[in-house]
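Peer 1:
In our numbering, the protein residues as written are 8 to 439.
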């Protein structure tokens, strides 16, 4: 390896998952030893079932000692799922507690002072969930050049948190955060452009107030009565929540909205959402959610789904064509996930077609056909609403037999020869 160019060697060193490997390289030769102190990026991983896990933290501290040019660091505990089922909910040991203040103090001051720009720590939840950590205070004190910070699986205090003016990306995932209204997050991270709050607990009336924020992914794990986002430069928002009474959106530049909720009392947006172009809505009460968007003429792309886990016969309301046209009169692209497709079809059965307004601007309709029995009447009802020359994409469920797929294609093409058809196959994806 000594014969390789230095940039190649540094790239190889940066991909070593075990800090012991870096230590061994330092014993190999003088030239290789020198390069181990110049590596710009490191990503260390420890399996929870590793027999050497007890020495992981000392090995990390030793490997980081003396590195002068570290710009990116990732520390991860990967949980063995088979072993996890046998573990208790709480582990008294702290050998893999990566957000422990004492452990961080052994390397954060030196690494931060040398210009660390990106830091990711994925802790071991059964050890960290009951131990409050001052990791944020320590990181903010020593890592003034940090631009990207990710912390996962930890209980974080905000006591002593200092402003981090260069931080532009923050990800907190499965975190118990002692900042019930997000006041310290707003105060100490004013330059954030990307914020990911995924499963952050401990919030009561959270308010995001970040003037430079452009992208936000927020999965609310508890039940606050209201959610507020004041972000004048926000462009993209992905929000999952349970049942807040009010969602306040002070986001005049918002262009893309992905909203999943059980039920939402109302949306407050005094300045309007005049730049909204793309909307995805998912809820068991889909009609009530759609009705909150009154005549939003700027939206041209719409995707709908009914929340999985609720039987369709238990849903008391069905979204209608009139609801869609009233809320999004200028939609050009419509995507109906399988349960939304059944929900809309059910409305035609219950209400009849009658004099329905057409989707005059629709250019593309994409449907995930459910694995249940195919109904050509659903297709006929919907196609009667489409504008001429609308492209129709039907995705057939992957579990359907070849004969079933052929039957669907044959019936559609013979019944509607003028339609520009496109076919595909779909399967259930991972949880959004």
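Just so it is clear, CB atoms sit at the ideal spot from N, CA and C, and this is done for glycine as well.
1) Mind checking which residues open and close the alpha helix (DSSP H) that includes residue 3?
2) Under DSSP, the alpha helix (DSSP H) around residue 414 begins and ends at which residues?
3) Compute the distance between the beta-carbons of residue 137 and residue 192, then report whether it is under 8 Å.
4) Check the C-beta distance from residue 242 over to residue 226 and give it rounded, since I have them as a contact under 8 Å.
5) Is the segment 265-273 touching the segment 287-296 in the sense that three or more CB pairs, one from each, lie closer than 8 Å?
6) Does the structure place the segment 146-155 close enough to the segment 63-73 that three or more beta carbon pairs sit under 8 Å?
7) Find the nearest neighbour of residue 212 within the set 176, 170, 228, judged by alpha-carbon distance.
8) Going by the DSSP bridge assignment, what does residue 157 pair with across the sheet?
9) In chain order, what residues of the same chain have a beta carbon less than 8 Å from the beta carbon of residue 260, not counting five sequence neighbours either side?
10) In this structure, does DSSP put residue 434 in helix, strand or coil?
11) Identify whether residue 366 lies in helix, strand or coil by the three-state DSSP scheme.
12) On a Cα-Cα basis, can you pick out the residue from 245, 273, 198, 219 that is closest to residue 232?
13) I need the DSSP call for residue 459, collapsed to helix, strand or coil.
14) Check residue 206 in the structure and name its three-state DSSP category.
15) To the nearest angstrom, how far is the alpha carbon of residue 425 from that of residue 307?
16) In whole angstroms, what is the alpha-carbon distance linking residue 284 and residue 67?
17) Taking all protein chains shown into account, decide if residue 338 is buried (16 or more other Cβ within 10 angstroms of its Cβ) or exposed.
18) Can you check whether the CB of residue 313 is closer than 8 Å to the CB of residue 334?
19) To the nearest angstrom, how far is it from the Cα of residue 75 to the Cα of residue 48?
20) Alpha carbons only, please: which of 310, 157, 341, 130 is nearest the one belonging to residue 398?
21) Starting from the Cα of residue 365, find the closest Cα among 408, 331, 189, 165 and give me that residue.
22) Relative to the C-alpha of residue 292, which candidate in 305, 79, 347, 263 has its C-alpha closest?
23) Determine the burial state of residue 437: buried for a count of at least 16 other Cβ atoms within 10 Å of its Cβ, exposed for fewer.
24) Count the other C-beta atoms from every protein chain shown that fall within 10 angstroms of the C-beta of residue 279, then say buried if there are 16 or more, exposed otherwise.
25) Just how far apart, CA to CA, sit residue 431 and residue 375?
26) First and last residue of the beta strand (DSSP E) that includes residue 190?
27) Using the C-alpha atoms, what's the distance from residue 173 back to residue 198?
28) Within 10 angstroms of the Cβ of residue 252, are there 16 or more other Cβ atoms? Answer buried if so, exposed if not.
29) Identify, in the order they occur along the chain, each residue of the same chain with its Cβ nearer than 8 Å to the Cβ of residue 5, setting aside the five sequence neighbours on each side.
30) Given residue 13, which residues of its chain have a CB within under 7 Å of its CB, disregarding the five upstream and five downstream residues?
31) Between residue 221 and the ligand GTP, is there a pair consisting of the residue's CB and a ligand heavy atom that are separated by less than 7 Å?
32) According to the Cβ coordinates, are residue 179 and residue 201 closer than 8 Å?
33) Rounded C-beta distance between residue 108 and residue 140? I'm assuming under 8 Å.
34) Rounded to whole angstroms, what is the Cα-Cα separation between residue 419 and residue 413?
35) Distance check for residue 53 and residue 181, CA to CA, integer angstroms please.
36) Assign residue 254 to buried or exposed, taking buried as 16 or more other Cβ atoms, counted over all protein chains shown, within 10 Å of its Cβ.
Peer 2: Looking at the atomic coordinates:
1) As shown, the chain starts at 8 and ends at 439. That puts residue 3 outside it, with no answer to give.
2) If you look at residue 414, you'll find it in the alpha helix (DSSP H) that goes 409-422.
3) Here residue 137 is not near residue 192, since their CB atoms are 8 Å or more apart.
4) The beta carbons of residue 242 and residue 226 sit about 19 Å from each other, so the pair does not count as a contact at 8 Å.
5) The segment 287-296 makes contact with the segment 265-273; the number of CB pairs closer than 8 Å reaches 3 or more.
6) Pairwise C-beta distances place the segment 63-73 out of contact with the segment 146-155, as fewer than three of them are shorter than 8 Å.
7) When the alpha-carbon of residue 212 is set against those of 176, 170, 228, the nearest one is in 228.
8) Among the bridge pairs identified by DSSP, residue 157 is matched with 127, 178.
9) Once the five neighbours on either side are set aside, the close Cβ partners of residue 260 are 239, 240, 241, 242, 282.
10) Note: residue 434 maps to coil in three-state DSSP.
11) Three-state DSSP puts residue 366 in a strand.
12) Put simply, of 245, 273, 198, 219 the residue whose alpha carbon is nearest the alpha carbon of residue 232 is 273.
13) The structure shown does not extend to residue 459, since the chain spans only 8 to 439, so no value can be given for it.
14) In this structure, DSSP gives residue 206 an extended state, which the three-state scheme calls strand.
15) C-alpha separation (whole angstroms): 24 Å.
16) Using only the alpha carbons, I get a separation of about 47 Å.
17) Residue burial annotation: residue 338 is buried, with at least 16 other C-beta atoms found within 10 angstroms of its C-beta.
18) Against a cut-off of 8 Å, the Cβ pair of residue 313 and residue 334 comes out as no contact.
19) Going from the Cα of residue 75 to the Cα of residue 48 covers about 11 Å.
20) Residue nearest to residue 398 within the set 310, 157, 341, 130 is 341 (criterion: CA-CA distance).
21) For residue 365, the closest C-alpha among the options 408, 331, 189, 165 is that of 331.
22) Residue 347 is the option with its Cα nearest to residue 292.
23) At residue 437 the pLDDT is 43, less than 50, meaning the model places this residue with poor confidence; the figure from the coordinates comes in the next sentence. Counting C-beta atoms within 10 angstroms of its own C-beta, residue 437 has fewer than 16 neighbours from the protein chains shown and is therefore classed as exposed.
24) By the Cβ neighbour-count rule, residue 279 is exposed, with fewer than 16 other Cβ atoms within 10 Å of its own.
25) Computed Cα separation, rounded: 9 Å.
26) For residue 190, no beta strand (DSSP E) run applies; the uninterrupted alpha helix (DSSP H) run containing it begins and ends at 190-195, by DSSP.
27) Looking at the two C-alpha atoms, the distance is approximately 6 Å.
28) With fewer than 16 Cβ atoms within 10 Å of its Cβ, residue 252 is classed as exposed.
29) Absent from the model: residue 5. The displayed extent of the chain is 8 to 439, so no value can be given.
30) Excluding sequence neighbours, residue 13 sits near 42.
31) This structure lacks the ligand GTP, and indeed carries no ligand of any kind.
32) Against a cut-off of 8 Å, the Cβ pair of residue 201 and residue 179 comes out as no contact.
33) 6 Å between Cβ atoms; contact.
34) Across the structure, residue 419 and residue 413 are spaced so that their CA atoms are roughly 10 Å apart.
35) For residue 181 and residue 53, the distance between alpha carbons rounds to 19 Å.
36) A residue is called buried when at least 16 other Cβ atoms come within 10 angstroms of its Cβ; residue 254 meets this threshold and is buried.
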